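Since the structure comes first, as structure tokens, the remarks are kept for the end.
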Amino acid sequence: LIRKIPTSGKYTGIPVVVVPIRNKDGYGIAALGVVDMVGTVDLGFVFGDYPEVVKQVQECVRSRVAVP
22 LIRKIPTSGK YTGIPVVVVP IRNKDGYGIA ALGVVDMVGT VDLGFVFGDY
72 PEVVKQVQEC VRSRVAVP
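Okay, so the sequence shown: first residue is 22 according to the numbering used here, each after it adds one.
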């Protein structure tokens, strides 16, 4: 599973999720991708008038980031 924001092509700047399709030997033979609608939402903008929600999201993200 790959989550990316392409820097070129038809979907430049649009978050996508892509999964490779492999044959029985493990070689990639195709890929299936979809536009990540959740990834296109700017939560800071949407919830800008609700600072407590933004704070909770930031805390959740920080808790998932591993510190080396």
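All C-beta atoms, glycine included, are put in the ideal place defined by N, C-alpha and C. Note that this is a predicted model, so its numbers are computed, not measured.
Taking a contact as a CB-CB distance under 8 Å, the pair P36 and I26 counts as one, their CB atoms being some 5 Å apart. Checking the DSSP bridge columns, you'll see L53 partnered with V40.
A direct Cα-to-Cα measurement between I50 and N44 gives close to 6 Å.
Taken atom to atom, the span from the alpha-carbon of D46 to that of D57 is near 29 Å.
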